[in-house]
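First comes the structure, then the notes that go with it.
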Amino acid sequence: MAQSEMKQEIRRLLDEHNGLLLAHNYQRDEIQEIADIGGDSLALAMAAAETDKDVIVFCGVHFMAESAAILAPEKTVLLPRLDAGCPMADMVTAEGLRELKQQHPDATVVTYVNSSAAVKAESDICCTSSNAVNVVNSLDAEEVLLVPDRNLGRYIADRTDKKCYFWEGYCPTHERLAVEDIEHAKKDHPDALFMAHPECPPAILEIADHICSTSGMYSYAAASPAKKFIVGTEMGILYRLRQENPDKEFILPTSKLICPNMKLTSLEDVLHCLQTLSPRVTVPEDISARAKATLDRMLAVPRD
Ligand code: 13P
Ligand code: SF4
Numbered sequence: 031m032a033q034s035e036m037k038q039e040i041r042r043l044l045d046e047h048n049g050l051l052l053a054h055n056y057q058r059d060e061i062q063e064i065a066d067i068g069g070d071s072l073a074l075a076m077a078a079a080e081t082d083k084d085v086i087v088f089c090g091v092h093f094m095a096e097s098a099a100i101l102a103p104e105k106t107v108l109l110p111r112l113d114a115g116c117p118m119a120d121m122v123t124a125e126g127l128r129e130l131k132q133q134h135p136d137a138t139v140v141t142y143v144n145s146s147a148a149v150k151a152e153s154d155i156c157c158t159s160s161n162a163v164n165v166v167n168s169l170d171a172e173e174v175l176l177v178p179d180r181n182l183g184r185y186i187a188d189r190t191d192k193k194c195y196f197w198e199g200y201c202p203t204h205e206r207l208a209v210e211d212i213e214h215a216k217k218d219h220p221d222a223l224f225m226a227h228p229e230c231p232p233a234i235l236e237i238a239d240h241i242c243s244t245s246g247m248y249s250y251a252a253a254s255p256a257k258k259f260i261v262g263t264e265m266g267i268l269y270r271l272r273q274e275n276p277d278k279e280f281i282l283p284t285s286k287l288i289c290p291n292m293k294l295t296s297l298e299d300v301l302h303c304l305q306t307l308s309p310r311v312t313v314p315e316d317i318s319a320r321a322k323a324t325l326d327r328m329l330a331v332p333r334d
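Residue numbers (the numbering used here): 31 to 334.
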């Protein structure tokens, strides 16, 4: 089937099943193009929590669909590729977190949404890259345990007075970005601003002009008078950046900025998933209730 036919059929099946298609900002261009809502982890979690649709097709990675299933337990949440995981989320287990909690019994556990439902269930509150500092500073706690991303953790630690402890996880995609990549890009484009995702290593964040979530990059690029931007995150973000800012130039400092898991989902997978209403993501009730409380606490923090 040609791409255009597949896209039409996907939209038709979404209508038939009263479905909503969510796509993370790192998804392939053709998936972002047909999505009802594109966004960062926070925006997509909120869309899942608020929708009145019956079926949510989540084009992203497993933890995102799990969060949708937790926030909207009465909905059918589909993940077109069950094997689309997040290596960072897999770096922490509920058992490992329980052990670390014993070492820091007074610390409030702040867990990045890039984590399994079981880990969320062991945590006090969630955060995403767009609200992390706000969430931590909203807490009535002197000590926090930041899980699982050490880079996001250190980024938060620089912006709070609280004592921070870290889980030493990281995103393999953002970790591949080297200071030399940025130096080369800056040499070739001296007038470009460098925007970076907080999952980048500290040495990269130190030389960034702006640090923000994926969706934060859209607003920053649109509002800035600058005409050129070096982009420190996964390449999928370029699709909308270029579409929404045709007069501006976006430079990827290295072709290594690609998340293989985010790129797994194809139009064929989305079509198949709507034809079969599978694979479905569900979370066992005991875990779901505790993980939901953790996510709900995050959603209740006023946005800055
Ligand atoms: P955002 O919350 O910025 O969308 O990031 C999610 C993610 O997986 C980044 O690697
Ligand atoms: Fe996980 Fe990194 Fe891929 Fe985001 S980019 S889904 S953190 S591996």
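For every residue, glycine included, the Cβ atom is placed at its ideal position computed from N, Cα and C.
Contact check, S110 vs V300 under 8 angstroms by CB: the rounded distance?
Before going on, a small fix: residue 110 reads as Pro here, not Ser. Going by Cβ atoms, the distance from P110 to V300 rounds to 5 angstroms, so yes, they are a contact pair.
Tell me which residues share the same chain as I354 and place their Cβ nearer than 6 angstroms to its Cβ, disregarding the 5 neighbours each side in the sequence.
Because the chain is modelled from 31 through 334, residue 354 falls outside the range shown and cannot be assessed.
Consult DSSP for L223 and reduce its assignment to one of helix, strand or coil.
strand
Give me every residue whose Cβ sits closer than 5 angstroms to any heavy atom of the ligand 13P, in chain order.
My final list is D70, S71, T158, S159, S243, T244.
Pairing CB atoms from the region 262 to 275 with CB atoms from the region 62 to 76, are three or more of them under 8 angstroms?
Yes, the region 262 to 275 touches the region 62 to 76.
State the start and end residues of the unbroken beta strand (DSSP E) segment that holds E279.
279 to 281
May I ask you to report which of helix, strand or coil DSSP gives H302?
helix
Using C-beta distances below 6 angstroms, list every residue in its chain close to L175, excluding the 5 sequence neighbours before and after it, in chain order.
H134, A137, V139, Y195
Taking a contact to mean a Cβ-Cβ separation below 9 angstroms, would you say H204 touches T141 in this structure?
no
Beta-carbon spacing of V177, L130 below 9 angstroms
yes
Would you list the residues whose beta-carbon is nearer than 7 angstroms to any heavy atom of the ligand SF4, in the order they occur in the chain?
Around the ligand SF4, the residues selected by a Cβ distance under 7 angstroms to any of its heavy atoms are Y56, V91, C116, P117, M118, A119, N144, C201, P202, T203, H204, E229, E264, C289, N291, M292, following chain order.
Cβ pair Y12, V165 closer than 9 angstroms
Given a span of 31 to 334 for the chain in the structure shown, any question on residue 12 remains unanswerable.
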